[in-house]
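Engineer: Structure below; questions to follow.
Numbering (this note's numbering), first residue to last: 224 to 766.
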C-alpha cells in the first residue's frame, strides 16, 4: 500500500463489519427501474416534494432528496444512463473493511441500509469487497499494475491519491463533477471552507478523489480525571500551574510528564497518549511540525525544498522524541486500536487521534452497559499550537482519511462516479456518518447539525471537530508520498530508539527527501507541493 504499515492490527481489535444484507436483482428495463425509483409504499412515506432517500424512522425526511439536490441528480443520472444502455448489473467496490457496516447495516431502528436504498432506487447492485486498512492500498496497486480490473471503485488513504493518479489508476472525474454538480462544497452543508473542498476532492486541480471520512486528528481528554480535586492540587503543587486543557505543545508536554507514573484510583497512568509508532505516529509529528512557525511551518519552502533539517525542524524532532519518555511501554507497537484502549481503560489523560475514539468508547451499548470504563469521562478541546505574542496557531493534521477513486479499468466509470456522488452527498453521508457501524467519520457542515451524528459522536464533539478541521494542515498526498513518508518514518524511529540523535535523523531524512523530489520531478511533484501550500489554513486564535 502507499503507506508502509507494519502488520500490527490485532483481529480482536478490528471493527470487522461484514456485509450481511441481501442484494436486489438488477433492473433490466426502464419500466423495472421505475418500480425501483418510486415504489408506491416508499413514495407514500417521502416528505412533500421528495422523491428518494430512506424511510421508516422518525427524522427520515432530513435525509431525503429530489432532483434539485446532489443525491437526486445522481439518481437521475443513472436513469439517463440506463435509457442509453450504459449501466451495469452491479458495481464492485474495494472498501476498508472497518467501514462496510455503515453501508450495509440498517440505521436507525426501522430504517433500511444505505445499500438497500441505492439498490432500490437504481437497480444496480453494490458488491463490497473488504480489506484491512493497513493493506488496502497494496491491493489497489496490485489491481492497477496487473490490469486485473477487479473493481469499479477503489478506496484507501487520502494520502495515496498522488501515487494512484501518477500510476494512471484513477479516473479524472472533473467532467462528471461539472455535469452532476455534487454538493461537497456547498457553503451551508458541505466542507467548512472552499479550500477544504479542493483539498479533499481534487489533485493537481482536477477531481480524482471522493472523500468518505473525517480523519482530522482531534484532541480528547479525560475530563473526569482532570476535574478531580486531588489531581488539580497535585498538578499545581508539582508544576506551579493550574491544570486545564492545553493550548500549546509546551502545555501538552507538561501534562504528559505530570501524569506519567501517577495513580489516581484507576491504575498507573502514562502521560503521552499520542501515537509514536511507525506509520501511525507520523500524524503526531506532522501536527507538531506545522505549528513551529507563525502562522504555519510548512514541510517544504516556497521553492519546494524540504525543511526537515532546519533549526525549527530539528527542534520539532527533539520535542517529538522527548515525548516518548511519557508513553506506555509498548507504544511503538501501537496502532489507533491500542491507543483507543489506553484511553478507554483510563491509562492516558489525553490524545490527538481519530474521532471514532468516542463513537466506540463513550456512551452506552443498546443493552444499557457502558461502552468502556471511560464512558461519561471524556471531553474534547481545540488543537494545540504555539504562542506568538498574543496569538496561538492551533494546528492539527489530515492523515489517512478513507477516500474513494473510480478505477480507470472500470467499464462503467460514469455509473461508478454517480454512486460515489450519491454516497458522499451531504444528506446520504450525514445519515451514514451517524451509523455507529463503521469508520466513516463526520466532516461536512451538515453532519454536525444532525442529532443522529451527535448521539454517536457525543455532543461535545459537534463544535470541536469542525473547528479542528478548519485548523488542519494536509499531510503528504502527492506522487512520491510513499517514499517521502517512509524515509521520514525510518529516521524518526531511529531517533526515538536512540540509534541517532534527532539532528542526525533530520539530516538523513532531508537528504532522502531531496533525492526523492529530484526523481519525482517528471510527475510534477514540485507543482503539487506548491499547490498543497495553498490549502494550508491561516486561522489563528487569541492567546
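Beta carbons: idealized from backbone N, C-alpha and C, even for Gly.
Have a look at 319, 326 and 278 and flag the residue whose alpha-carbon is nearest the alpha-carbon of residue 642.
Structural biologist: Taking the chain shown and counting its residues from 1, one reaches residue 642 at position 419. Nearest option by C-alpha distance: 326.
Engineer: Here's the rule I'm using: 16 or more other beta-carbon atoms within 10 Å means buried, otherwise exposed. How should residue 753 be labelled?
Structural biologist: Your numbering for residue 753 matches position 530 in the chain shown. By the neighbour-count rule (16 or more Cβ atoms within 10 Å), residue 753 is not buried but exposed.
Engineer: Look up residue 765 in the DSSP assignment and say whether it is helix, strand or coil.
Structural biologist: Start at 1 with the first residue of the chain shown, and residue 765 comes out as number 542. Three-state result, residue 765: strand.
Engineer: Report buried or exposed for residue 740, applying the criterion of at least 16 other Cβ atoms within 10 angstroms of its Cβ.
Structural biologist: As a first step, residue 740 must be located in the chain shown, where it is residue number 517. Classification for residue 740: buried.
Engineer: For residue 531 versus residue 732, is the C-beta spacing smaller than 8 angstroms?
Structural biologist: For the purposes of this step, residue 531 is identified with residue 308 of the chain shown, where counting begins at 1. For the purposes of this step, residue 732 is identified with residue 509 of the chain shown, where counting begins at 1. In contact: residue 531 and residue 732 (Cβ atoms closer than 8 angstroms).
Engineer: Using a Cβ-Cβ distance cut-off of 8 angstroms, determine whether residue 309 contacts chain C.
Structural biologist: Checking the listed chains, one finds no chain C in this structure; it contains a single protein chain.
Engineer: Within 10 angstroms of its Cβ, does residue 464 collect 16 or more other Cβ (buried), or is it exposed?
Structural biologist: Within the chain shown, residue 464 is the residue found at index 241, counting from 1. Residue 464 comes out exposed.
Engineer: Mind pulling the alpha helix (DSSP H) runs of 4 or more residues that sit fully within the stretch 272-341?
Structural biologist: Counting whole runs of 4 or more residues, the stretch 272-341 contains the alpha helix (DSSP H) stretches 293-306 and 323-327.
Engineer: Using 8 angstroms as the cut-off, can you tell me whether the stretch 622-637 makes contact with the stretch 443-457, which would need three or more C-beta pairs spanning the two stretches below that distance?
Structural biologist: No: fewer than three Cβ pairs fall under 8 angstroms.
Engineer: To the nearest angstrom, how far is it from the Cα of residue 751 to the Cα of residue 527?
Structural biologist: Translated into positions along the chain shown, residue 751 becomes position 528. Translated into positions along the chain shown, residue 527 becomes position 304. Rounded to whole angstroms, residue 751 to residue 527 spans 9 angstroms at the Cα level.
Engineer: Rounded to whole angstroms, what is the Cα-Cα separation between residue 351 and residue 582?
Structural biologist: To locate residue 351, count along the chain shown from 1; it is residue 128. To locate residue 582, count along the chain shown from 1; it is residue 359. Taking the straight line joining both Cα atoms gives about 23 angstroms.
Engineer: From this set, 680, 714, 701 and 725, which residue's C-alpha is nearest residue 443's C-alpha?
Structural biologist: On the chain shown, residue 443 is found 220 positions in, with the first residue counted as 1. The candidate whose alpha carbon is nearest that of residue 443 is 680.
Engineer: Around the Cβ of residue 296, are there at least 16 other Cβ atoms within 10 angstroms (buried) or fewer (exposed)?
Structural biologist: Position 73 of the chain shown, counted from the first residue, corresponds to residue 296. So residue 296 ends up on the buried side.
Engineer: Please state whether the Cβ-Cβ distance between residue 565 and residue 496 is less than 8 angstroms.
Structural biologist: To locate residue 565, count along the chain shown from 1; it is residue 342. To locate residue 496, count along the chain shown from 1; it is residue 273. Going by C-beta atoms, residue 565 is nearer than 8 angstroms to residue 496.
Engineer: Using the C-alpha atoms, what's the distance from residue 510 back to residue 439?
Structural biologist: In the chain shown, residue 439 corresponds to position 216, counting from 1. In the chain shown, residue 510 corresponds to position 287, counting from 1. Each residue's Cα considered, the two are about 10 angstroms apart.
Engineer: Between the alpha carbons of residue 585 and residue 302, how many angstroms are there, rounded?
Structural biologist: What you label residue 585 is simply residue 362 of the chain shown in a count that begins at 1. What you label residue 302 is simply residue 79 of the chain shown in a count that begins at 1. Going from the Cα of residue 585 to the Cα of residue 302 covers about 42 angstroms.
Engineer: Given 8 angstroms as the limit, is there contact between the stretch 313-332 and the stretch 699-710, that is, 3 or more CB pairs closer than that?
Structural biologist: Touching, no, given that fewer than three Cβ pairs across the two stretches are closer than 8 angstroms.
Engineer: Could you give the first and the last residue of the continuous beta strand (DSSP E) run that contains residue 626?
Structural biologist: Taking the chain shown and counting its residues from 1, the one referred to as residue 626 is at position 403. Where residue 626 is concerned, the enclosing beta strand (DSSP E) stretches over 625-629.
Engineer: Note the first and the last residue of the continuous alpha helix (DSSP H) segment covering residue 649.
Structural biologist: Sequence index remark: in the chain shown, residue 649 carries index 426 (1-based). Residues 649-657.
Engineer: Residues bridged to residue 379 by DSSP?
Structural biologist: Counting from one through the chain shown, the residue named residue 379 turns up at place 156. Paired residue(s): 626.
Engineer: Please name the residue in 339, 545, 489 and 406 whose C-alpha comes closest to that of residue 721.
Structural biologist: Counted from its first residue, the chain shown places residue 721 at position 498. Minimum Cα distance to residue 721 is reached at 545.
Engineer: Roughly how many angstroms lie between the CA atoms of residue 490 and residue 597, to the nearest whole one?
Structural biologist: Residue 490 sits at position 267 when you count from the first residue of the chain shown. Residue 597 sits at position 374 when you count from the first residue of the chain shown. Approximately 13 angstroms between the Cα atoms of the pair.
Engineer: Taking 7 angstroms as the cut-off, is the beta-carbon of residue 318 closer than that to any non-hydrogen atom of the ligand COA?
Structural biologist: Annotation note on the ligand COA: not contained in the displayed structure, which lists no ligands.
Engineer: Using DSSP with H/G/I as helix, E/B as strand and the rest coil, what is residue 575?
Structural biologist: Position 352 of the chain shown holds residue 575. Reduced to three states, the DSSP call for residue 575 is strand.
Engineer: Could you say if the stretch 337-349 and the stretch 599-608 meet the contact criterion of at least three C-beta pairs nearer than 8 angstroms?
Structural biologist: The answer is no - the stretch 599-608 does not touch the stretch 337-349, with fewer than three Cβ pairs under 8 angstroms.
Engineer: For the beta strand (DSSP E) that residue 698 lies in, which residues bound it at each end?
Structural biologist: As a working mapping, residue 698 is identified with position 475 in the chain shown. First-last for residue 698: undefined, no H or E at that position.
Engineer: Counting Cβ pairs, one atom from each stretch, are 3 or more of them under 8 angstroms apart for the stretch 428-438 and the stretch 380-400?
Structural biologist: Yes: the two stretches touch, three or more of their Cβ pairs being nearer than 8 angstroms.
Engineer: Pairing CB atoms from the stretch 468-487 with CB atoms from the stretch 540-558, are three or more of them under 8 angstroms?
Structural biologist: Verdict: yes, contact present.
Engineer: Give the single residue among 558, 477 and 524 whose Cα lies nearest to the Cα of residue 506.
Structural biologist: Residue numbering aside, residue 506 sits at position 283 when the chain shown is read from its first letter. Out of 558, 477 and 524, 558 has the C-alpha closest to the C-alpha of residue 506.
Engineer: Leaving out five residues on either side along the sequence, give the residues of the same chain with a beta carbon under 8 angstroms from the beta carbon of residue 269.
Structural biologist: In the chain shown, residue 269 corresponds to position 46, counting from 1. Same-chain partners within the cutoff: 275, 276, 278, 284 and 287.
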